[in-house]
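**Q** Protein chains in written order, with this note's numbering: chain D, 206 to 502; chain H, 148 to 389; chain U, 34 to 452; chain R, 3 to 289. We treat Cβ as the ideally placed atom computed from N, Cα and C, and that holds for glycine.
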Amino acid sequence: MKQSTLIWTILMVAGGAFLLFQASKGNGRVYVREIPVEAQASQPEGEEQVYRWTRYQQVTEAEKGEPDVRFSLSRTLGLWVAAFSTLAIFSFLYGDNPIYKFTESVFVGVSAAYAMVVAFWTEIMTNLYAKLLPGLARITFYPDIDSTARPDYLYLIPLVLSILLLWRLSPKGSWIARWPLAFFIGATAGIRLISYLETDFVGQLQSTVMPFIVFASDGSLLWIKSLRNTIFIVGVVSCMIYFFFSIEHEGVVKYISRLGIWFLMVTFGASFAYTVMGRIALLSGRLVFLFNDWLGI
Amino acid sequence: MKRTIPLLISAITGFVLIGTAFIPLFVDWGNIAMSWFNLLAAFAFILGGGNLLKMQLQKISAQQPGWGYAAVTLIAFFITLFVGLAKVGVHPNVKFPEFAWSGDYLQEDGVFWWLFEYIFTPLSATMFALLAFYISSAAFRAFRAKNTEATILLIIAVIILLGRTYASVWLTGWFPDEFIIGESGIKYSDFNLQNLSEIIMEDFTTPGMRAIKIGIALGVASTSLKVLLGVDRSYLGSDQEA
Amino acid sequence: MQYRIFKLALILLLLPLVSVSGLSVIRAAEPPAPPADFRAEDVPGDAGTAIDLFWTLSPDDQPDLKPRKVLRYVISRKEADNEESKFENIGEPTYRVNTFRDSNCEAGTPYLYQIEAVGQESLTSKPVVLNEPVIASLQWFNLQRSWFAVFVVLICGSVIVFIRLARSGKKLKVRKIAGLEAINDAVGRATEMGRSCLFVPGIQDINDIQTVAGITILAQVAETTADYRAQLEVPTSRSLVMTTARDTVEAAYLSAGRPDEYNEDDIYYITDEQFGYVASVTGKMVRDKPAACFYMGAFYAESLILAETGNSVGAIQVAGTAMPTQLPFFVAACDFTLIGEEFFAASAYLSGEPQQLGSLKGQDFGKLIGGLLLIAGCLIMTLSSIQSRGVAPDNQEPTYLQSASNYIIENILGKGGFK
Amino acid sequence: MLDFLQHLDRRWIFFLMFIAVAVPLIMGTTFPEVPSDQVMAVFDAVDNLPDGSNVVMALDYDPASQGELQPMASAFARHCAIKKHNIYFMTLWPQGISMIQNSIGILQDEYPETYKGKYGTKYVNLGFRAGNEGVIKLVVEDLKKSYSTDIHGTNLDNIPLTKNLKNIQQVDLLCNVSAGYPGSQEWVLYGSSPFDIPTVVGCTGVQAPIMLPYIPDQLTGMLAAIKGAAEYEQAIINAYPELENNPNAKEGLVRMGPQLVAHLLLISLIFLGNVIYFWERKQGLHQ
């Protein structure tokens, strides 16, 4: 193990030196173009007022000499933070370490808060707050709401259910959270029962009904098409028999279900290959970020 | 009370939604139920955040091993939550500049956007990219042709892995465009790796998946039915919990 | 002189050409011809909220005309019996489109529709208005789904009936599941080698049915380990799963007659986080080198990390899950795998609970109906294709077999409904 | 030798994998692709629509799957832009908002004459709504119950594109790019299958086999994994050669290089692993 430690240390030092070299060449810097924004107040009866601020648009390094284009500290910092986070997670491959654990904890915190913020602004504010208090919503966050909009008191029901749901966090009386949960689960069960039966049961049967033997319009046998249809139907039926639990696997059934399991294995083989393919694509996506966006290779 | 009402709620909701498929009058009720459902789903995100908070706080107060990391999680959580809810660094909507809060919370250059772009994105993407490495070591150390089934699976996987890249052209691109037996309609080139992998996907994988889908559909239907009828009450939890 | 005559002749010759081309320039800026055969139909099987509109494309709406003479159609609507109502734009389908669905109708209100073709420079054709108003009417039952309703009733009904039967004490037969014997063998070998068994119940909470099925199988594993006096370890990723697993294992040791050998500390909670949990479990595997590993429950990307480590310590591995994406990895890396429904069937078989057995039987009944329908449909289609072999399809009345196979596909399995 | 391989530290395999993906990426190797029938079905579904048709682009993925799906989403956006379609963006994933911004970026930077400053008349960003399949169920029946405003808080009744849109049964095509649940399968189950909405999807390799049985009855076509993306890019380039010089339009094609080397590496690893396994079995290590 001593030897391997040495090798890995050399690799890491070499990697670090390469990074420094790339950074010294000016890579890993982000430039932005300044775009001035001028906005007129929307209320015509109010006093005329113009609001100004600047928007920034990221540009490629080639444009850095142009006017309005400047170095962006916040985005450059961001890029390096992103690169550091990427390497920190990759460090888990060498072994569990504090840097990995640190970034992982950051990830858990950020992602939970992110989901909360998005749910808050998109669903809760637009579909609950704006429906229950349209007047207030108009003067705070959503000036575009129709001024004639009336509160829709029907939305008090989901509000109450939601509060009951959050009750789960309290140490006492958390059984009350079962009511919204029951609504949630009942609704899921209802829509799933119908759509799965319609699309995945009846719909799949419909797509599978086809003739074993196919003829061309001139009456000659299309034997390749016939063979493929037959394989297809036999495949579906034999797999269904494998998953049929009311009869023992004896006699003919034994052979049919054996055929079924082979079909399943071919299915899983394809699934295996596609999953592998996807995982590799994810890695190349990440390396594209490191090489192109950060190191500028 | 603790059990009957939830059972009633789930049964009524479920059967109304089933009814929407057959009785057009129910469609509007179904839509209302779905809009409530979506609101509850949004609150579930908040519940998730709350749960995280609770657990990390417990960890810290009990000084469990690794509580320092729990503190890191909490700090990250609160910073993100604050900048997101307060729309820090977000300019208002151009159409309504006098409303300071009318801007888009994920606006480019906002602090929340920065956190998402430069912390969340690389972390989540890299977590998943690790899987490519795990698959490579599992390929070497775990995927064995132990029995007929595993052998078929691995052979098919190899054919498709090759057939979906340019290797198929290198290895089997030379298969001639000639009929195998007379005018049979089958050419040698129909069996090059690319075509072979397509044949496998269309004629073998699709029927297998179809049978699996039919099975899953029946399973989902019967599970849903059991929930609606109150036969399966596992979602209510055990009585001691209350 | 000759030259001038020639020139004159040339001008005379060219004049009509010029005027024709000049005309065509004017024609390009002309409004397009209106569409024809404009008609409306109430959408069947809805609550009276939608009307379908159909028309024949404007003769100027040609596929390869450049520039296009028709860019889009404008459809407007007004209430027929309301004097003050005016035509209001309700939609603008693009060229080459000849249908439109108005989903904003009120049931029982008569509507008049109007369509115009719009060409270059926003020139519109003469409007075409419907001859008579159309009313969207409410239907009480969506007849298009009548056959589907039959399926729903049959399948749900059979599940209910079988659960009742099982509760009333009738013995429901389920075939032997081969994977279950593999479990006993694995435990037996662990005992021989004097090493422990490891059971991983997936990473989902107890409300996931796969976790529940996994715990049922855990009961069987625990009974076997109690019999053989082997050590059993269960690391969990959810605290509720830990509690349930402890109850289950304790009960299993009790029924095996060895309550004293049950050790609560062997069933413990690690962490909710996916990779943290896996890192801890695999670390444990490398240290303790269990002789048998069981993975029963809902698994995600961690499946192959677990299976790989188990393999590298030389354990016998038995897996069971219904996650279609993880099954391939288990099949490739484990000695035995319970595939999808087999996993649930094994759980029903072991638990003997009426609701599990009943729904398993109900699903079998559904498969039976589906399978029979499928085979019947395929046979009828084959016969009909043999029967009408070589006959041109359009000049022939559909034969009995053809209409039968059409009925199966379009009505029973499709959206045709009873007819 | 075999003994050495048996006890090989798995970090060496990780290192090999890294090299297998990194080197072709740095070299930028691409290979010619021939679009398959399945990919051409997707291409035709977008291409055969009249210019300016209404397309819903549901981008249900997150940064974690960007490596696999971004090339598809970009190709869809580019293809729709060439056809001047009206695009409605939406997502069922909270992290999908930023993915929509990427696609809008393509519309504005590469096709400014059609899309720059045309928000509301050529494209609209509906953003995210919570509720997974619940959202689908609602938008196919009653869009405005779920989306009363777009992402900027503008009322949908004040946006020309959405003013008359009752639900998405009225659109001409649904394009979905999805990384899992909720995604392609849910769109088929609750949207395209019961209401016959023409749908094409682009999905990850993990989902691809699961989506296969829906083709062609419930689903018009599918782009499966990065290979599907590369073929689709090639199909677009074949039909619109002006894209030949746009390096961004070849994102997927560039990724096929690492894919090839990594697949070959994996196959040799599986092969080598099995050789060791059978050798061990012969030695009697497994009974």
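#1: Taking Cβ-Cβ distances shorter than 9 Å, what residues in chain B pair up with L309 of chain H?
#2: Consult DSSP for D167 of chain D and reduce its assignment to one of helix, strand or coil.
#3: Three Cβ pairs or more, each shorter than 8 Å: is that satisfied between the region 285 to 303 of chain U and the region 217 to 228 of chain U?
#4: Taking a cut of 7 Å between CB atoms, which residues from the region 4 to 34 of chain R lie near chain D?
#5: Taking CB distances under 8 Å as the criterion, tell me whether G450 of chain U reaches chain R.
#6: In its own chain, which residues sit with a C-beta less than 6 Å from the C-beta of G501 of chain D, not counting the 5 before and 5 after it?
#7: If we ignore side chains and look at the alpha-carbon of each, how far apart do F477 of chain D and W180 of chain U end up?
#8: Please list the partners that F169 of chain H has in chain U, where partner means a Cβ-to-Cβ separation under 7 Å.
#9: For R288 of chain H, which residues in chain U fall below 8 Å Cβ to Cβ?
#10: Is the Cβ-Cβ distance between P184 of chain R and D53 of chain R less than 8 Å?
#11: Listing by chain order, which chain D residues have their CB less than 7 Å from the CB of R357 of chain H?
#12: Would Y305 of chain D and L337 of chain D be called neighbours here (beta carbons separated by less than 8 Å)?
#13: Can you tell me whether DSSP reads N497 of chain D as helix, strand or coil?
#14: For Y310 of chain U, which residues in the same chain have their Cβ closer than 7 Å to its Cβ, ignoring the five residues on either side in sequence?
#15: From D75 of chain U to T82 of chain U, what does the alpha carbon distance come to, in whole angstroms?
#16: Taking the alpha carbon of I212 of chain D as the reference point, which residue from D:L282, D:A267, D:G391, D:Y299 has its own alpha carbon closest?
#17: Since P143 of chain U is in the beta strand (DSSP E), which residue starts that stretch and which ends it?
#18: According to DSSP, what are the bridge partners of W258 of chain D?
#19: If the criterion is Cβ atoms closer than 8 Å, does the pair S136 of chain U and Q171 of chain R meet it?
#20: Once DSSP output is grouped into helix, strand and coil, what is the label at L56 of chain U?
#21: Whose Cβ in chain D lies nearer than 7 Å to the Cβ of I290 of chain R?
#22: Give me the subset of the region 191 to 217 of chain U whose CB atoms are less than 9 Å from a CB atom of chain D, sorted by chain position.
#23: How many Å lie between D379 of chain H and N134 of chain R at the Cα?
#24: If you draw a straight line from the C-alpha of A342 of chain D to the C-alpha of F332 of chain U, how long is it?
#25: Applying the criterion that 16 or more other CB atoms from any shown protein chain within 10 Å of the CB defines a buried residue, is K252 of chain R buried or exposed?
#26: Given a limit of 8 Å on CB to CB distance, which residues of the region 172 to 202 of chain R reach chain D?
#27: Quick one: give me the first and last residue of the beta strand (DSSP E) that E74 of chain U is part of.
#28: Note down the Cα distance separating L369 of chain D from I207 of chain H, rounded to an integer number of angstroms.
#29: Does the Cβ of D405 of chain D have 16 or more other Cβ atoms within 10 Å, making it buried, or fewer, making it exposed?
#30: At a cut of 8 Å, does the region 205 to 214 of chain U reach the region 378 to 385 of chain U through at least three beta carbon pairs?
#31: What residue from R:V126, R:Y125, R:A132 has the CA that sits closest to I331 of chain D's CA?
#32: Grab the span of the beta strand (DSSP E) containing R197 of chain U for me, first residue to last.
#33: Give the interface partners of P65 of chain U over in chain R, defined as CB-CB distance under 7 Å, in chain order.
#34: What are the partner residues of D62 of chain R, as DSSP defines its beta bridges?
#35: If you scan the region 296 to 321 of chain U from start to end, which runs of the beta strand (DSSP E) of 3 or more residues do you find wholly inside it?
#36: Out of D:E243, D:Y236, D:A244, point me to the one whose CA is closest to E271 of chain D's CA.
**A** Reading from the atomic positions:
#1: Here chain B cannot be found, since the structure's protein chains are D, H, U and R.
#2: Because residue 167 of chain D is not part of the residues shown, which for chain D are 206 to 502, the question remains open.
#3: no
#4: D11, R13, F16, V23, A24, L27, I28
#5: no
#6: N232
#7: 38 Å
#8: F174, N175, R178, A182
#9: E341, N344, S345
#10: no
#11: Q409, T413, V441
#12: no
#13: helix
#14: I236, S270, I303, T304
#15: 9 Å
#16: D:Y299
#17: 143 to 151
#18: D:V242
#19: yes
#20: Because the pLDDT at L56 of chain U is just 45, under 50, the model does not fix this residue reliably, and the point stays unresolved.
#21: Residue 290 of chain R is absent from the model: chain R starts at 3 and stops at 289.
#22: L205, K206, V207, R208, K209, I210, A211
#23: 24 Å
#24: 44 Å
#25: buried
#26: V190, L191, Y192, S195, P196
#27: 69 to 75
#28: 27 Å
#29: buried
#30: yes
#31: Here residue 331 of chain D is Thr; the residue named in the question, Ile, does not match the sequence. Comparing Cα-Cα distances from T331 of chain D to each of R:V126, R:Y125, R:A132, the minimum goes to R:A132.
#32: Here R197 of chain U belongs to no beta strand (DSSP E); instead the alpha helix (DSSP H) covers 179 to 200.
#33: Residues of chain R passing the Cβ test: none, with the nearest at roughly 15 Å.
#34: R:S180
#35: 300 to 302
#36: D:Y236
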